[in-house]
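S.K.: After the structure tokens below, expect a handful of questions from me.
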Amino acid sequence: MTVSVQVVDGEHCLVGDWPGIGVGNEFLAHLRARAFSPATVRAYAFDLVNFARFLDERDVALGSVEPMDVFAWVDWQGARTPGSGKVVRLAPRSAAPATINRRVAAVRAFFEFLVMSKACAANPVPAPRRGQGLRPTARGMLGHLGPGRARGGGRLVREQRRLPESLDLAEVQAFMSGLRTHRDRAMVLAMLLGGLRSAEVRGLLIKDVDQGRRRLRVVGKGGRERVVPVDAAFFAELVAYLRHERPRGLTTPECFVVLRGPTTGAPVSEAGLRALFRRHRDTSGATRVRPHRLRHTYGTELAVAGIDLLALRELMGHVSPETTSRYVHLSTEHLAAEYAAARATLSDVR
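So the sequence shown is numbered by UniProt numbering: it starts at 1 and just counts up by one.
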């Protein structure tokens, strides 16, 4: 049995001889019809591939999946023990708990789709807190399909609560010093000074840049929009890039484009941005610098400065208040450290 993800006519699709290819692609088409982002569709496609390979290895038909098969799949993925980095069992796989939980959520949604389309009698994917039906307005991803089907959320694998990892000034300066183009510096500063996600930087449109008011209109996860004020240092690099580096006469709506090579003028790709960061980490020695850590540094700095929690949530585009609260926890840790330092100083004076 073979199954993989390929781009067909610009869309991520399942290909191969797995018997579930047809309904799998119907599910992905449904996601696209519901205006889920290409990144979400791609992620769900790969999650289905992982599940399909497990079913093939265990010789389980898609229509015969039971709850215990799902638990066996979770174990098959080799969850790492939180905080240890070790694998619970000896296996060639080693997925993080968050990855496993995301895959389970994707497959749960897939079976929910099959139930609603009458291709499956019941959803075999266990859902924590069974029996706690959600209100129609609070259902999960596929709650629009019908009443009474979506169940409470939750995770099958316990995840360690991880605080955002921020960067110190020396790391940022070392990394920035190696960037040779205004484009690269503008992209990095959008994350560091505006808190943009890497996908938001790549998807930023020229028409959404307000140079006069120093604002960016950002389309984040789930198509949610927000307006973000960004420091003048970012706009200085952006203006220099647009004037001196971006090819003339381009009709590409995306702000950041490839500057050389056969794809000149095309939007910067996910792989291209990853390669840029990898290359400059190697040359600068700032090995911890990654797009999400630049964004975390933005959030941490604002939390330490005492910004209102609701304001921080809006600026970062968080859906869950719990996500934003992690930055407030970091702020508390910072205050505790400052208090300890002050007490030590007072002790020395005495």
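Glycine residues also receive a C-beta, built at the ideal position from the N, C-alpha and C atoms.
Since the structure is predicted, the reported quantities are computational estimates derived from the model, not experimental observations.
Thinking C-beta only, is Arg-185 closer than 8 Å to Leu-179?
M.R.: It is a contact, given that the beta carbons lie within the stated cut-off.
S.K.: Along the beta strand (DSSP E) that carries Arg-260, what are the first and last residues, could you check?
M.R.: Unbroken run through Arg-260: none, as it is neither H nor E.
S.K.: Suppose contacts are defined by Cβ-Cβ distances below 8 Å. Is Pro-164 in contact with Arg-326 by that definition?
M.R.: Cβ atoms of Pro-164 and Arg-326: closer than 8 Å.
S.K.: Report yes or no: do three or more beta-carbon pairs, one from the segment 230-244 and one from the segment 208-217, lie closer than 8 Å?
M.R.: Contact between the segment 230-244 and the segment 208-217 is present, because at least three Cβ pairs lie under 8 Å.
S.K.: Apart from the five residues just before and just after Val-285, which ones in its own chain have a Cβ nearer than 8 Å to its Cβ?
M.R.: Position check: residue 285 holds Gly in this sequence, whereas Val was assumed. The residues are Ala-174.
S.K.: Give me, in chain order, the residues of the same chain whose beta-carbon lies closer than 8 Å to that of Val-49; leave out the 5 immediate sequence neighbours on both sides.
M.R.: Val-3, Ser-4, Val-5 and Leu-14, listed in sequence order.
S.K.: Is the Cβ-Cβ distance between Val-268 and Arg-281 less than 8 Å?
M.R.: Taking 8 Å as the Cβ cut-off, Val-268 and Arg-281 do not qualify as a contacting pair.
S.K.: With 16 as the cutoff for other CB atoms within 10 Å, does Arg-248 come out buried or exposed?
M.R.: Flag for Arg-248 reads exposed.
S.K.: Do Arg-183 and Phe-71 have their C-beta atoms closer together than 8 Å?
M.R.: No, they are not a contact pair.
S.K.: My guess is that Pro-126 and Val-65 are in contact by the Cβ rule of under 8 Å, so how many angstroms apart are they, rounded?
M.R.: The pair is not a contact, with the Cβ atoms about 11 Å apart (cut-off 8 Å).
S.K.: In terms of residues, what are the limits of the beta strand (DSSP E) holding Glu-225?
M.R.: Where Glu-225 is concerned, the enclosing beta strand (DSSP E) stretches over 225-229.
S.K.: Using a Cβ cut-off of 8 Å (strictly closer), state whether Gly-10 contacts chain D.
M.R.: In the structure shown, chain D cannot be found, because there is only a single protein chain.
S.K.: Going by the DSSP bridge assignment, what does Arg-217 pair with across the sheet?
M.R.: Bridge partners of Arg-217: Val-227.
S.K.: Hey, Arg-32 and Val-23: beta-carbon distance below 8 Å or not?
M.R.: No, the Cβ-Cβ distance between Arg-32 and Val-23 is not below 8 Å.
S.K.: Enumerated in chain order, which unbroken segments of the alpha helix (DSSP H) with a length of 4 residues or greater are wholly contained in the UniProt domain "Core-binding (CB)" (18-115)?
M.R.: Runs of the alpha helix (DSSP H) inside the UniProt domain "Core-binding (CB)" (18-115): 21-33, 38-58 and 67-76.
S.K.: Between the beta-carbon of Leu-310 and the beta-carbon of Glu-254, is there less than 8 Å?
M.R.: The answer is no: Cβ separation not under 8 Å.
S.K.: Just the C-alpha distance for Arg-226 and Gly-20, rounded to the nearest angstrom, thanks.
M.R.: Using only the alpha carbons, I get a separation of about 38 Å.
S.K.: Helix, strand or coil for Glu-200, going by three-state DSSP, please let me know.
M.R.: Glu-200: helix per DSSP, three-state reduction.
S.K.: First and last residue of the beta strand (DSSP E) that includes Leu-14?
M.R.: Here the beta strand (DSSP E) through Leu-14 covers 11-16.
S.K.: Where do the N-terminal and C-terminal ends of the beta strand (DSSP E) with Asp-6 fall, by residue?
M.R.: This sequence places Gln at residue 6; Asp is not what is there. Its beta strand (DSSP E) spans residues 3-8.
S.K.: Over the uninterrupted alpha helix (DSSP H) stretch that includes Gly-194, give me the two end residues.
M.R.: Segment 182-194, the alpha helix (DSSP H) holding Gly-194.
S.K.: In chain order, what residues of the same chain have a beta carbon less than 6 Å from the beta carbon of His-12, not counting five sequence neighbours either side?
M.R.: Excluding sequence neighbours, His-12 sits near Val-5, Val-41, Arg-42 and Ala-45.
S.K.: Taking the alpha carbon of Arg-53 as the point to measure from, which residue in Phe-36, Leu-28 and Asp-17 has its own alpha carbon closest?
M.R.: The shortest Cα separation from Arg-53 among Phe-36, Leu-28 and Asp-17 belongs to Asp-17.
S.K.: How long is the line joining the alpha carbons of Val-107 and Arg-217, rounded to whole angstroms?
M.R.: C-alpha separation (whole angstroms): 33 Å.
S.K.: State yes or no: is the C-beta of Gln-303 within less than 8 Å of the C-beta of Leu-294?
M.R.: Looking at the sequence itself, residue 303 is Ala, so the reference to Gln does not match. Going by C-beta atoms, Ala-303 is not nearer than 8 Å to Leu-294.
S.K.: Using DSSP bridges, identify the partner residues of Glu-254.
M.R.: The partner list for Glu-254 (beta bridge, DSSP) reads Leu-205.
S.K.: What does DSSP give as the partner residue(s) for Pro-267 in the beta ladder?
M.R.: DSSP, once it has assigned bridges, lists Val-257 as partnering Pro-267.
S.K.: Please classify Glu-270: is it buried, with 16 or more other beta-carbons within 10 angstroms of its beta-carbon, or exposed?
M.R.: The residue in question, Glu-270, is exposed, as its Cβ has fewer than 16 Cβ neighbours within 10 Å.
S.K.: DSSP three-state label for Asp-282, please.
M.R.: The answer is helix: DSSP assigns Asp-282 an H, G or I state.
S.K.: Expressed to the nearest angstrom, what Euclidean distance is found between the alpha-carbon atoms of Ala-344 and Gly-220?
M.R.: Distance between the alpha carbons of Ala-344 and Gly-220 is about 44 Å.
S.K.: Could you name the residues of the same chain whose beta carbon sits closer than 6 Å to that of Asp-69, not counting the 5 residues immediately before and after it, in chain order?
M.R.: Once the five neighbours on either side are set aside, the close Cβ partners of Asp-69 are Val-60.
S.K.: Give the straight-line distance between the Cα atoms of Pro-229 and Gly-194, rounded to the nearest whole angstrom.
M.R.: Spanning the two alpha carbons is a distance of roughly 7 Å.
S.K.: For Ala-336, which residues from the same chain have a beta carbon less than 6 Å from its beta carbon, with the 5 sequence-adjacent residues on both sides left out?
M.R.: Nothing listed; no residue qualifies.
S.K.: Could you give the first and the last residue of the continuous alpha helix (DSSP H) run that contains Leu-242?
M.R.: Here the alpha helix (DSSP H) through Leu-242 covers 232-244.
S.K.: Quick one: residues in its chain with C-beta nearer than 6 Å to the C-beta of Val-104, no 5 flanking neighbours on either side, listed in chain order?
M.R.: If we look at Val-104 and ignore the five residues flanking it on each side, its Cβ neighbours are Leu-156.
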